[in-house]
Amino acid sequence: MKIQPINYLNGTIKLPGDKSISHRSAIISALANGQTTIENFASSADCASTLECLQKLGVIVERTGSTVIVKGVGKQGFIESASELDCGNSGTTVRMLAGIVAAQPFSSTLIGDESLSKRPMKRVIEPLTEMGAKFDSTENRLPLKVHGTLLKSIFYQPNIASAQVKSCVLLAGLNAVGTTEFTEITPTRDHTERMLRWFGVEITATRTVNGKLLSISGDAELTAKNLVVPADVSSAAFFLVAASCLQNSDVTIENVGLNPTRRGIIDVLKSLGASIEIINETEVCNEPIGDLRVRGSKNLVSKDVIRGEIIANIIDEIPILAVFGTQLENGLEIREAGELRVKESDRIAAAVENLRRMNADVEEFPDGFRVKKSKLKGTKVDSFGDHRIAMAFAVAGLLAEGETEITNAECAAVSFPEFFDVLKSVSN
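Just so we're aligned, residue -17 is where the sequence shown starts under my numbering, counting upward by one.
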């Protein structure tokens, strides 16, 4: 993909459904009793992997464009797949499905692509093993064979902040004997809790000295209920940054998810001088949404190092923040983001290498980076097979002098197949 610099962005855009919520909508609908219609289901390849895995487990799924119908089988209605469950590039798919199949009376083998096969699975193997499941794997990586069984409830406190781990344990807890408890020290996205409540499951949340204690009963039943998925705030982030950096830009993004555990990117950008207005706020299916109007800003300046609890909230948006840092008066430093090393790529190394190729002054740390204000120059950059790196450096190309070429840019389809078309539609 070749990107040319532009003058500004202008127009109104509608983005695909939120990837995180779409995954959960399909999986939780499958656990429910009855039929669920999901509107604005994400167009991403990752979410397609989730649907395909559910179909292999005996769930009837019908899809027409962005509308998906899931005929739930209940908590114990899944059947043994005749083949491996291919999760593609999706860490959410494999980790959440692990919590489901661990409680079924059969064995399942979870596999993924080359990138996913390098990502750590110990974080879900440990709690599920404690609940009674057994696993076959090499160095806690895929392929992962899960030997399902009757699970027992546990109290679990992870040593990392991960919404995927939390979701895995809560979903396993739906099929465990007794009440499963999960302590969340650092807040992470809470789509799973919100959606389970939408389907009638009672989840208690209690503040403790260590954070928040979530409790879920193995006796809970889920009742099918239709869903509408908000637009993906992580996808919106690329347009928020691009429009903020280009004078005379004026873009409105409709029906974006504004979940407090996900909107950190909006708050961070505003703190750095971005002109973002939230309008038409409402709530749909337990999720807050609204329209975002973003205009070019002349006052982009960083203040403090970004670190601490906010990192878990913006973990998917850090690659585009790295690009944003090149446009800030004082640059940008992000720390305590070591989790980026084990995403679809090593996102710290990937962002740093590409920024350096584009003439940026950037320093790499084990847990983050510091980038100084830089005049970007178009060149050849590498997506490293990572959708968020590809899209972040498409934005960098808009801001650069000269043409930027992104190799393997098609990997953007993992989360946002329409990205380059939508970007072109508002580019001037």
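Think of the CB as a built atom: it goes at the ideal place given N, C-alpha and C, for glycine as much as any other residue.
For Thr111, the first and last residue of its enclosing alpha helix (DSSP H): In the sequence shown, counting from the first residue as 1, residue 111 sits at position 129. Taken as a continuous stretch (DSSP letters only), the alpha helix (DSSP H) holding Thr111 covers Lys104 to Glu112.
Cβ-based burial, Leu412 [other Cβ within 10 Å; buried from 16]: Outside the modelled stretch of the chain, which goes from -17 to 410, sits residue 412, for which no answer is possible.
Those residues which DSSP pairs with Phe164 across a bridge: Taking the first residue of the sequence shown as 1, we reach residue 164 at position 182. Per DSSP, Tyr138 and Leu196.
Rounded separation between Phe220 and Asp298 - CA only: As a position in the sequence shown, residue 220 is number 238, starting the count at 1. As a position in the sequence shown, residue 298 is number 316, starting the count at 1. Straight-line measurement puts the Cα of Asp298 at about 11 angstroms from the Cα of Phe220.
CA-to-CA distance, Ala395 to Asp286, given in whole angstroms: Position 304 of the sequence shown, counted from the start, is the residue given in the question as residue 286. Position 413 of the sequence shown, counted from the start, is the residue given in the question as residue 395. C-alpha of Asp286 to C-alpha of Ala395: approximately 34 angstroms in a straight line.
Start and end residues, alpha helix (DSSP H) containing Gly155: In the sequence shown, counting from the first residue as 1, residue 155 sits at position 173. In this chain, the alpha helix (DSSP H) harbouring Gly155 covers Ala145 to Gly155.
Ala187 burial status per 10 Å Cβ neighbour count (16 or more: buried): Counted from its first residue, the sequence shown places residue 187 at position 205. Counting Cβ neighbours within 10 Å, Ala187 comes out exposed, since fewer than 16 surround it.
Backbone secondary structure at Asn390 - three-state DSSP: As a first step, residue 390 must be located in the sequence shown, where it is residue number 408. When DSSP states are grouped into helix, strand and coil, Asn390 belongs to the coil group.
CA-to-CA distance, Ala27 to Glu400, given in whole angstroms: Within the sequence shown, the letter at position 418 stands for residue 400. Within the sequence shown, the letter at position 45 stands for residue 27. Here the alpha carbons of Ala27 and Glu400 stand approximately 11 angstroms from one another.
Segment limits, alpha helix (DSSP H) that includes Gln37: Here the question's residue 37 lines up with position 55 in the sequence shown. From DSSP, the alpha helix (DSSP H) with Gln37 extends over Ala27 to Lys38.
DSSP-derived helix/strand/coil call for Ile(-12): Here residue -12 refers to the residue found at position 6 of the sequence shown. The answer is coil: DSSP assigns Ile(-12) none of H, G, I, E or B.
Buried versus exposed, by CB contacts within 10 Å (16 or more), Ser216: Stepping through the sequence shown from its first residue, residue 216 is reached at position 234. Its Cβ being crowded by 16 or more others within 10 Å, Ser216 is buried.
Whether Thr389 touches Lys362 by CB criterion (8 angstroms): Mapped onto the sequence shown, residue 389 falls at position 407. Mapped onto the sequence shown, residue 362 falls at position 380. Yes, the pair counts as a contact, with Cβ atoms nearer than the cut-off.
Beta-carbon proximity list for Lys280, same chain, < 8 angstroms, skipping 5 on both sides: Residue mapping note: residue 280 aligns to position 298 of the sequence shown, counting from 1. Excluding positions up to five away in sequence, the list reads Gln229.
Residues that DSSP places opposite Glu383 in a beta bridge: Position 401 of the sequence shown, counting from 1, holds the residue named residue 383. Lys359.
Presumed contact (8 angstroms Cβ cut-off) between Val276 and Val377, rounded CB distance: Reading the sequence shown from its first residue, position 294 is the one you call residue 276. Reading the sequence shown from its first residue, position 395 is the one you call residue 377. Going by Cβ atoms, the distance from Val276 to Val377 rounds to 13 angstroms, so no, they are not a contact pair.
Own chain residues within Cβ distance below 6 angstroms of Lys354, not counting five before or after: Locating residue 354 in the sequence shown gives position 372, where the first residue counts as 1. Sequence-distant Cβ neighbours of Lys354 in its own chain, meaning closer than 6 angstroms and more than five residues away, are Gly313 and Asp343.
Contiguous beta strand (DSSP E) assignments of at least 3 residues, all confined to the stretch 164 to 238: Listed in chain order, the complete beta strand (DSSP E) runs (minimum 3 residues) inside the stretch 164 to 238 are 185 to 190 and 193 to 199.
Contact check, Ile82 vs Met113, beta carbons under 8 angstroms: Start at 1 with the first residue of the sequence shown, and residue 82 comes out as number 100. Start at 1 with the first residue of the sequence shown, and residue 113 comes out as number 131. A distance of 8 angstroms or more separates the beta carbons of Ile82 and Met113.
Close Cβ partners of Ser119 (< 6 angstroms) along its chain, the five nearest in sequence each way excluded: What you label residue 119 is simply residue 137 of the sequence shown in a count that begins at 1. Excluding residues within five positions, the ones whose Cβ falls inside 6 angstroms are Leu126.
Buried or exposed by the 16-neighbour rule on C-beta atoms within 10 Å, applied to Gln(-14): In the sequence shown, the residue the question calls residue -14 occupies position 4. Using a 10 angstroms sphere on the CB of Gln(-14), the tally of other CB atoms stays under 16, which defines it as exposed.
Sub-8 angstroms separation of Glu54 and Ala12 beta-carbons: If you number the sequence shown from 1, residue 54 lands on position 72. If you number the sequence shown from 1, residue 12 lands on position 30. Note that residue 54 corresponds to Gly in the displayed sequence, not to Glu. In contact: Gly54 and Ala12 (Cβ atoms closer than 8 angstroms).
C-beta atoms of Phe164 and Leu132 nearer than 8 angstroms: Looking up residue 164 in the sequence shown gives position 182. Looking up residue 132 in the sequence shown gives position 150. Going by beta carbons, Phe164 and Leu132 fall outside the 8 angstroms limit.
Thr75 and His129 closer than 8 angstroms at C-beta: Taking the first residue of the sequence shown as 1, we reach residue 75 at position 93. Taking the first residue of the sequence shown as 1, we reach residue 129 at position 147. Contact: no.
Three-way DSSP call (helix, strand, coil) for Asp61 in this model: Reading the sequence shown from its first residue, position 79 is the one you call residue 61. A quick correction: the sequence has Ile, not Asp, at residue 61. In the structure shown, Ile61 sits in coil (DSSP, three-state: anything other than H, G, I, E or B).
Cα-Cα separation, Ser365 to Val159: Locating residue 365 in the sequence shown gives position 383, where the first residue counts as 1. Locating residue 159 in the sequence shown gives position 177, where the first residue counts as 1. For the pair Ser365 and Val159, the Cα-to-Cα distance works out to about 45 angstroms.
Straight-line gap, Thr264 to Ala24 (C-alpha atoms, nearest Å): Sequence index remark: in the sequence shown, residue 264 carries index 282 (1-based). Sequence index remark: in the sequence shown, residue 24 carries index 42 (1-based). Straight-line Cα distance between these residues: approximately 20 angstroms.
Beta-carbon proximity check, Asn237 vs Ile271, cutoff 8 angstroms: In the sequence shown, residue 237 corresponds to position 255, counting from 1. In the sequence shown, residue 271 corresponds to position 289, counting from 1. Yes; because the gap between Cβ atoms is below 8 angstroms, this pair is in contact.
Simplified DSSP assignment, three categories, for Val408: Your numbering for residue 408 matches position 426 in the sequence shown. In the structure shown, Val408 sits in coil (DSSP, three-state: anything other than H, G, I, E or B).
Cβ pair Leu156, Gly200 closer than 8 angstroms: Counting from one through the sequence shown, the residue named residue 156 turns up at place 174. Counting from one through the sequence shown, the residue named residue 200 turns up at place 218. Going by beta carbons, Leu156 and Gly200 fall inside the 8 angstroms limit.
Gly(-1), buried or exposed, once every other Cβ within 10 Å from all chains shown has been counted against 16: Position 17 of the sequence shown, counted from the first residue, corresponds to residue -1. By the neighbour-count definition (other C-beta atoms within 10 Å, threshold 16), Gly(-1) is a buried residue.
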